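Its first residue numbered 61, the sequence shown is counted upward by one per residue in my numbering. C-beta atoms are modelled at their ideal positions from N, C-alpha and C, and glycine is treated no differently. Keep in mind the model is a prediction, meaning the values are calculated, not measured.
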Amino acid sequence: MSGHETESEDRRRLGLRRLEKELGHDIRPRALLEQALTHRSFLVAGQARYTANETLEFLGDAVLGLVVADMAQERAPRATEGTLSRVRAALVNTEALAALARSLELGPLLRLGEGEARSGGHDKTTILAGACEALMGALYRAGGLAAAREWIEKHLGARLGELLQRLPAGEIDPKSTLQETLQVGGASPPEYRVAGSSGPDHRRRFRVQVWHGGRMLAEAEGDSKKQAERQAARRALEEAGDKAVPQK
61 MSGHETESED RRRLGLRRLE KELGHDIRPR ALLEQALTHR SFLVAGQARY TANETLEFLG
121 DAVLGLVVAD MAQERAPRAT EGTLSRVRAA LVNTEALAAL ARSLELGPLL RLGEGEARSG
181 GHDKTTILAG ACEALMGALY RAGGLAAARE WIEKHLGARL GELLQRLPAG EIDPKSTLQE
241 TLQVGGASPP EYRVAGSSGP DHRRRFRVQV WHGGRMLAEA EGDSKKQAER QAARRALEEA
301 GDKAVPQK
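Laid out in structure tokens, this is it:
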């Protein structure tokens, strides 16, 4: 090995130690960490003793999705499934994960094939995002779900809080928001009535009306009674002047 290669490997070892310190956990066996940082293009170059990070990327994607979904539901227990899905998508996507990988300085630590490296692969968004997910997979393998969750909360928790704070109340739970709005002063809660249904049994659509004080406030349809009720509540809020509540 030449002096230049030795110096490069020494820098990489220092970088790996820094990364493990950032993760708050030693990744053992070390081959697990190396795999997380090895792109499939590197194997094309004949490096048979290494394994590409694709399977760890698959695992890390699942871990991230689980932890973020759990965190979001804990912080917004009344949020609808659709809202939680949108929050998770905003938090865990290719661009966001690539930005996280850059903050961790993963690029210089990646093992890439020569062609990929020459074309700027060390800073390619998709490669960095995949490496970030693979790193989460490796952390899960080495330290379990608790270690992965602790790290994810540290790096994504604040952003999750910002996303949830920006949601209007009606987006979190339109039915509860409407009820709270109408019951100011001790009034009765709204009443939801199924006005009809249509379509075959396996694709039934329900039409629901929301009533209060003897008058119908709004009407909406949905694939289930609960969905139709939420849509009706959302529409009632909009018609009452709460224009901050978006359509689903």
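Residue range of the unbroken alpha helix (DSSP H) whose run includes G272: Working through the sequence shown from its first residue, we reach residue 272 at position 212. Note that residue 272 is His in the sequence shown here, rather than Gly. H272 -> not in any alpha helix (DSSP H); beta strand (DSSP E) instead, spanning R265 to H272.
With the cut-off set at 8 Å, would you say L164 and E82 are in Cβ contact? In the sequence shown, counting from the first residue as 1, residue 164 sits at position 104. In the sequence shown, counting from the first residue as 1, residue 82 sits at position 22. Closer than 8 Å, so yes.
Own chain residues within Cβ distance below 6 Å of G203, not counting five before or after: Residue 203 sits at position 143 when you count from the first residue of the sequence shown. Same-chain partners within the cutoff: H85.
DSSP three-state label for S248, please. Mapped onto the sequence shown, residue 248 falls at position 188. In the structure shown, S248 sits in coil (DSSP, three-state: anything other than H, G, I, E or B).
Supposed close pair I212, V127 - CB separation, criterion 8 Å: Numbered from 1 along the sequence shown, position 152 holds the residue referred to as residue 212. Numbered from 1 along the sequence shown, position 67 holds the residue referred to as residue 127. Rounded, the Cβ-Cβ distance is 5 Å, consistent with contact.
Same chain only: Cβ atoms within 6 Å of A251, ignoring 5 sequence neighbours per side: As a first step, residue 251 is located in the sequence shown; it is residue number 191 there, counting from the start. According to the sequence as given, residue 251 is Glu; it is not Ala. For E251, where only same-chain residues beyond five positions count, the Cβ hits under 6 Å are W271.
Given a threshold of 16 other Cβ atoms within 10 Å of its Cβ, counted over all protein chains shown, does D121 qualify as buried or as exposed? Along the sequence shown, one-based indexing puts residue 121 at 61. The residue is buried, with at least 16 neighbouring Cβ atoms inside 10 Å.
Rounded to the nearest angstrom, how far is the Cβ of A198 from that of A96, given a contact under 8 Å? Numbered from its first residue, the sequence shown carries residue 198 at position 138. Numbered from its first residue, the sequence shown carries residue 96 at position 36. Right, their Cβ atoms sit about 4 Å apart.
Can you list, in chain order, the residues of its chain with a C-beta nearer than 6 Å to that of G173? Leave out the 5 residues immediately preceding and following it. If you number the sequence shown from 1, residue 173 lands on position 113. Counting only Cβ-Cβ distances below 6 Å, and skipping sequence neighbours, we find S101, F102, V104 and A105.
Would the stretch 142–162 count as touching the stretch 174–192 if we require 3 or more Cβ pairs under 8 Å? Using a C-beta cut-off of 8 Å, the stretch 142–162 makes contact with the stretch 174–192, since at least three inter-stretch Cβ pairs fall below that distance.
What three-state label does DSSP hand G221 in the structure shown? Locating residue 221 in the sequence shown gives position 161, counting from the first residue. The answer is helix: DSSP assigns G221 an H, G or I state.
Bridge partner(s) assigned by DSSP for G256: Position 196 of the sequence shown, counted from the start, is the residue given in the question as residue 256. Residue pairing by DSSP puts G256 in a beta bridge opposite R267.
Below 8 Å on the Cβ atoms is my guess for L93 versus L119; work out the distance and round it to an integer in Å. Indexing the sequence shown from 1 puts residue 93 at position 33. Indexing the sequence shown from 1 puts residue 119 at position 59. The pair is not a contact, with the Cβ atoms about 14 Å apart (cut-off 8 Å).
Quick one, are the C-beta atoms of E279 and A300 less than 8 Å apart? Taking the sequence shown and counting its residues from 1, the one referred to as residue 279 is at position 219. Taking the sequence shown and counting its residues from 1, the one referred to as residue 300 is at position 240. No, the pair does not count as a contact, with Cβ atoms beyond the cut-off.
Relative to the C-alpha of R268, which residue among K214, Q291 and A139 is closest? Translated into positions along the sequence shown, residue 268 becomes position 208. Going by the sequence as given, residue 268 is Val instead of Arg. Closest by alpha carbon: Q291.
Please state the DSSP three-state secondary structure of G282. If you number the sequence shown from 1, residue 282 lands on position 222. The answer is strand: DSSP assigns G282 an E or B state.
Please classify P234: is it buried, with 16 or more other beta-carbons within 10 angstroms of its beta-carbon, or exposed? Position 174 of the sequence shown, counted from the start, is the residue given in the question as residue 234. Buried, since its Cβ has 16 or more Cβ neighbours within 10 Å.
Give me the Cα-Cα distance between D302 and S236, rounded to the nearest whole angstrom. As a working note, residue 302 is residue 242 in the sequence shown. As a working note, residue 236 is residue 176 in the sequence shown. Low confidence applies to D302: its pLDDT is 42, below 50, so where it sits in the model is not reliable, and the reading given next is rough at best. Approximately 14 Å, taken between the alpha carbons.
With distances taken between CB atoms, is the gap from L220 to A139 smaller than 8 Å? As a working mapping, residue 220 is identified with position 160 in the sequence shown. As a working mapping, residue 139 is identified with position 79 in the sequence shown. No; because the gap between Cβ atoms is not below 8 Å, this pair is not in contact.
Excluding the five sequence neighbours on either side, which residues of its own chain have a C-beta within less than 6 Å of the C-beta of T111, listed in chain order? In the sequence shown, the residue the question calls residue 111 occupies position 51. Excluding positions up to five away in sequence, the list reads Q95.
For the alpha helix (DSSP H) that P234 lies in, which residues bound it at each end? Here residue 234 refers to the residue found at position 174 when the sequence shown is read from its first residue. Run containing P234: P234 to L242, per the alpha helix (DSSP H) assignment.
DSSP three-state call for T111: helix, strand or coil? Counting from 1 along the sequence shown, the entry for residue 111 is found at position 51. Correct three-state label for T111: coil.
Express the C-alpha separation of R78 and R295 in angstroms, rounding to a whole number. Locating residue 295 in the sequence shown gives position 235, where the first residue counts as 1. Locating residue 78 in the sequence shown gives position 18, where the first residue counts as 1. Between R295 and R78, the C-alpha separation is close to 52 Å.
Segments of 4+ residues assigned as alpha helix (DSSP H) that fall wholly inside the stretch 79–167: 90–96, 100–104, 114–135, 141–151 and 154–163
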